[in-house]
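>
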Amino acid sequence: MNIFYLILQVLVFPGLLFAAAAGLATSWVDRKVTAYVQMRVGPPFLQPFYDVLKLMIKETCVPAGAARWLFLSAPLLGMAGAALASMLIWRAFLPLGQTFSGDIIVILYLLTMPAVSVIIGSFAAQNPLASLGGSREIKLLLSYELPFVLAILVPVVQTQSIRFSDLLAAAPAVYAPSGVIALVVAVVCMQAKLTLVPFDAPEAETELAGGAYLEYSGPPLGIIKLTRAMMLFIMPLFLVAVFCGGIVFDKGWLPVLGGVLKYLGLVVLVILIRNTAPRVRIDQAVRFFWGPATLAALAAVLAAMIGW
Amino acid sequence: MGFAVNILTRSLNVFHLGGSACNNCDIEILDTLTPRYDLERFGITLVGSIRHADVLLVSGIFNKKAAVRLKRVYQQAPRPIFVVAIGSCACTGNMFQKSYNWDVPLDQYIPVDIYLPGCPPKPEAMIMAILKLVNKLRGAPPDASAGKSRAAKQKRGA
Ligand code: SF4
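As you go down the protein sequences, you meet chains A and B in turn. Take 1160 as the starting number for the first sequence in my numbering and just add one per residue. Take 5 as the starting number for the second sequence in my numbering and just add one per residue.
This is how it looks when you write it as structure tokens:
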């Protein structure tokens, strides 16, 4: 394939630019639904775009004693991971090029990149509160990855393939009981992956004042916000693709509409959880993910193996 | 009104720094941020770190000890940063002017963009102060409402 075509895919559609625009639109949905939950009007549609654009014209402060290049380049790492993940997911939906065997595993790795970048950035900042946020992020990452990967394993076992397009071609995983359990576990893990309430201990506006992002300002903070918005777009899309059959584009507009509705339903579910649950402590989160969540995911994998 | 000003006035992140306030102003500030007044409509959100802020909301007096911290916080803020003095204490020193540890008013330490007297000012007054700040940045007369200033700009552009 033409290398320029590939670069265009990474940078414009369905990679960076598209994921950023869609992510900011999704984060508007997030803020608007939150506003309705709290019985207020909420921000205008372009508000997330304004927020990020404004940060692009602000000054960048690098704290004294910080590891300068690490501090400034960490957000780029996270954004690159999110953009590549978006590209790989959309390549399975649309005929943009070949998918390859094992792309699910690549996506799983790419989806951890934003969290890793937050960890690097928070420790590079040399701020005690930021380091505390970073260490919580590490614990959270270690705890939710296990049940998340196990839950993703369920559709893989059902279809006997680690190729994304095969998962999409097969019957959706949620038609089987094991798929339903796995989806529930994956949704809870997604909440932690997006570091939204109840698993927002790494940021903890109230006691860590922004935690892991505390020292960031200006364009790097804008990139972090953009990455978070992109993840809010990619993660529900990924789960819809893996468990619910994704968005089908070549069978007329009705399946497209259905796919978009599935996606929006998952997004609204995430937002409602975020608005109704109180934050859990980090030790409670680890105990929850390594205990009940992992057991449920394991049970789902075993059920999938015997064909349920 | 340039692109930068336009973007800036549409997304103001507020950091609240309390000096030695009697706490009434702080409570009114929290009232302003409740869903009842819904400042997110105008793109105004409260942030926890001065590094994320565009507006430094200051309440209470700054005595000799607090002033050191005030200056440090002001220096840590990424530019451009705007300072809004909430309450008579922050504007003038109010009844604490004769205190043993009070030195000079706030604006002798750091530049202040908007003064909002009142003991304490109402949430509506605070929203008006922010609106005046927005109008000031956009170069419109301070009393113009945001919608009016946009119309005035279109007229000037025509
Ligand atoms: S202005 Fe009045 S209400 Fe506000 S902090 Fe001072 S004394 Fe308290």
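Note that CB positions come from ideal geometry on N, CA and C, so glycine has one too.
Would you mind sorting PHE1408 (chain A) into buried or exposed? The rule is 16 or more other CB atoms within 10 Å of its CB.
Exposed: under 16 other Cβ atoms inside 10 Å.
> To the nearest angstrom, how far is the alpha carbon of ILE1263 (chain A) from that of VAL1333 (chain A)?
So the alpha carbons of these two residues sit roughly 18 Å apart.
> Rounded to the nearest angstrom, how far is the Cβ of PHE1402 (chain A) from that of GLY1338 (chain A), given a contact under 8 Å?
Yes, they are in contact, since the Cβ atoms of PHE1402 (chain A) and GLY1338 (chain A) sit about 6 Å apart, within 8 Å.
> Which stretch, first to last residue, makes up the beta strand (DSSP E) that contains SER63 (chain B)?
That run of the beta strand (DSSP E) goes 59-63.
> Output the residues surrounding the ligand SF4, defined as those with a CB atom closer than 6 Å to any ligand heavy atom, in chain order.
Output, sorted by chain position: B:ALA25, B:CYS26, B:ASN28, B:CYS29, B:SER63, B:GLY64, B:GLY91, B:SER92, B:CYS93, B:ASN98, B:CYS123 and B:PRO124.
> If I'm right that ALA1244 (chain A) touches ILE1266 (chain A) with Cβ under 8 Å, what's the distance once you round it to whole angstroms?
The pair is a contact, with the Cβ atoms about 5 Å apart (cut-off 8 Å).
> In the stretch 11-40 of chain B, which residues sit with their C-beta less than 7 Å from some C-beta in chain A, listed in chain order?
Cβ contacts with chain A: ILE11, LEU12, ARG14, SER15 and PRO39.
> Have a look at B:ALA94, B:VAL116 and B:GLY47 and flag the residue whose alpha-carbon is nearest the alpha-carbon of ILE85 (chain B).
Ranking the options by Cα distance to ILE85 (chain B), first place goes to B:VAL116.
> So is PHE1282 (chain A) buried or exposed if we call it buried at 16+ other beta carbons inside 10 Å?
Burial call: buried.
> I think VAL1211 (chain A) touches LEU1170 (chain A), with their Cβ atoms under 8 Å apart; what is that distance to the nearest whole Å?
Incorrect: roughly 17 Å between the Cβ atoms, too far for contact.
> What residue from A:LEU1396, A:ASN1286 and A:LEU1385 has the CA that sits closest to ALA1223 (chain A)'s CA?
Cα-wise, what sits closest to ALA1223 (chain A) is A:ASN1286.
> ILE1383 (chain A) to ARG45 (chain B), Cα distance in whole Å?
Between ILE1383 (chain A) and ARG45 (chain B), the C-alpha separation is close to 23 Å.
> Give the C-beta separation of SER53 (chain B) and ILE33 (chain B) to the nearest angstrom, bearing in mind that I take them to be a contact with Cβ-Cβ under 8 Å.
That belief does not hold up - the Cβ atoms of SER53 (chain B) and ILE33 (chain B) are roughly 17 Å apart, past 8 Å.
> Run through chain B and tell me which residues come within less than 7 Å of GLY1537 (chain A), C-beta to C-beta.
Because chain A is modelled from 1160 through 1467, residue 1537 (chain A) falls outside the range shown and cannot be assessed.
> Can you give me the Cβ contacts of PHE1230 (chain A) inside the same chain, cut-off strictly under 7 Å, excluding the 5 residues immediately before and after it?
Contacts found: VAL1221, GLY1280, ALA1283 and ALA1284.
> Would you kindly work out how many angstroms separate the C-alpha atoms of SER1302 (chain A) and GLU1362 (chain A), rounded to a whole number?
Each residue's alpha carbon lies about 17 Å from the other.
> Would you say TYR1209 (chain A) and ILE134 (chain B) are within 7 Å of each other, going by their C-beta atoms?
No, these two residues do not count as a Cβ contact at 7 Å.
> Check this for me: beta carbons of ALA1341 (chain A) and VAL1313 (chain A), under 7 Å apart or not?
Result yes, Cβ atoms of ALA1341 (chain A) and VAL1313 (chain A) sit closer than 7 Å.
> Report all residues from its chain with a CB closer than 6 Å to the CB of VAL138 (chain B); omit the five preceding and five following residues, and keep chain order.
Cβ neighbours of VAL138 (chain B) beyond the five flanking positions: THR13.
> Give the C-beta separation of ALA1455 (chain A) and VAL1275 (chain A) to the nearest angstrom, bearing in mind that I take them to be a contact with Cβ-Cβ under 8 Å.
About 26 Å separates the two Cβ atoms, so there is no contact after all.
> Do you know offhand how far LYS152 (chain B)'s Cα is from ARG142 (chain B)'s?
At LYS152 (chain B), the pLDDT of 48 sits below 50, so the modelled position is not reliable and the matter cannot be decided from this model.
> Could you check if GLN1168 (chain A) is buried or exposed, using at least 16 other CB atoms within 10 Å of its CB as the buried criterion?
Result: buried.
> List, in chain order, every chain B residue whose beta-carbon is nearer than 9 Å to that of THR1219 (chain A).
Chain B residues near THR1219 (chain A): PRO82.
> Can you give me the Cβ contacts of VAL1200 (chain A) inside the same chain, cut-off strictly under 8 Å, excluding the 5 residues immediately before and after it?
Hits under 8 Å: ALA1194.
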